[in-house]
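Q:
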Amino acid sequence: MGDQSNQSAIHKQWFLANEKLWDKRTNIHIGSDFYDVNGFRTGENSLRFIELEELGEVRGKSILHLQCHFGLDSLSLSRMGAKVTAVDFSETAIQQARALNKELGLTAEFLCQNIYELPGKLDRRFDIVFTSYGVLCWLPDLRRWAEIVKHFLEEGGTFYMVEFHPVVWMFGDQLQQIEYSYFNTGAIHEEAEGSYVDGAENFSQEAYYWGHSMADVVTALIEVGLSIRFLHEFPFSPYNCFGNMEKIGEQRWVGKHLQQKIPYLFSIQAIDL
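Each residue of the sequence shown is one higher than the last, beginning at 20 in the working numbering.
1) Restricting to runs no shorter than 4 residues, where is the alpha helix (DSSP H) found entirely within the segment 67-99?
2) What is the DSSP secondary structure of residue 139, counted as helix, strand or coil?
3) I need the DSSP call for residue 59, collapsed to helix, strand or coil.
4) Suppose you measure from the CA of residue 73 to the CA of residue 148; what does that come to, to the nearest Å?
5) The alpha helix (DSSP H) that contains residue 187, what's its start and end?
6) Is the Cβ-Cβ distance between residue 176 and residue 146 less than 8 Å?
7) Which of helix, strand or coil does DSSP assign to residue 122?
8) Can the beta-carbon of residue 283 be found closer than 8 Å to that of residue 254?
9) Does DSSP classify residue 34 as helix, strand or coil?
10) Which residue or residues does DSSP assign as beta-bridge partners of residue 265?
11) Enumerate in chain order the residues of its own chain whose CB-to-CB distance from residue 219 is below 7 Å, with the five nearest sequence positions on each side excluded.
12) Run the CB neighbour count on residue 31, radius 10 Å, all protein chains shown included, and call it buried at 16 or more, exposed below.
13) Does DSSP classify residue 144 as helix, strand or coil?
14) According to DSSP, simplified to helix, strand and coil, what is residue 245?
15) Comparing alpha-carbon positions, which option in 51, 86, 127, 288 lies nearest residue 109?
16) According to DSSP, simplified to helix, strand and coil, what is residue 293?
17) For residue 166, does the three-state DSSP call read helix, strand or coil?
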């Protein structure tokens with residue numbers, strides 16, 4: 020009992036540090052060219068071509084968006100006719116998402132919640148559970164994450180994710196050399212310097228994150244009873260979000276010296292049968 024209590028207190032410390040990180044990042048991200056909120060206001064869709072193609076038609080479907088940041092992708096799905104509920108643990112991010120939702124007259128619902136605590140706060144099931152880009156590294160327990168995904172799916176519902184590949188995370192933010200193990204060796208505790216947008220050069224905040232292999236992700240989903248329909252890997256990033264990248268096509272970026280020799284992304288579709 021004491022060990023569990025100590026572990027819970029440690030996890031709370033980790034999450035509090037990361038919440039502060041994302042509160043601060045949101046204040047920078049909201050005005051950045053990277054997110055281009057003004058373009059979004061005039062009708063641009065924030066979703067990339069990969070998830071648009073692989074998600075397919077969402078009109079009329081209920082979607083739970085986990086780890087939504089300040090909600091541009093959630094609001095894009097709402098514009099496309101989906102009934103969206105979106106979740107993030109950053110109060111600042113959720114406040115910004117709600118403000119945009121109201122300003123644009125959209126119908127998404129935004130909840131400020133750590134997703135590990137979500138089953139006790141939200142009593143609904145969804146046609147689709149969706150998550151994307153830079154989310155898994157903030158989660159220490161993928162088995163619990165997979166249980167939560169399954170918990171919120173309607174029978175026959177679809178889980179879809181697109182995420183940076185664990186191989187690309189090995190190289191760190193500058194894509195220069197291998198800095199981290201491919202395998203999860205516990206929490207990585209660092210002072211996060213800057214962000215992936217311009218204007219964050221002087222930013223610094225304590226952070227905790229975790230590496231997860233492809234086996235960790237796929238096995239977690241299978242063990243909770245989801246049926247994997249596809250696993251795709253991509254030799255490019257749709258975002259210029261690491262250092263030392265160059266553009267090789269529309270929504271296609273690669274590391275200058277890595278080129279297309281490594282996978283930058285993967286996507287998974289799984290069904291709750």
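Every residue gets a Cβ at the ideal spot worked out from N, C-alpha and C, and that includes glycine.
A: Reading from the atomic positions:
1) 68-74, 91-98
2) helix
3) Note: residue 59 maps to helix in three-state DSSP.
4) 13 Å
5) 185-188
6) yes
7) helix
8) Closer than 8 Å, so yes.
9) helix
10) When DSSP reads this structure, residue 265 sits in a beta bridge with 273.
11) 47, 213
12) By the neighbour-count rule (16 or more Cβ atoms within 10 Å), residue 31 is not buried but exposed.
13) Coil, per DSSP.
14) coil
15) 86
16) Residue 293 falls outside the range modelled here, since the chain spans only 20 to 292, and no answer is possible.
17) helix
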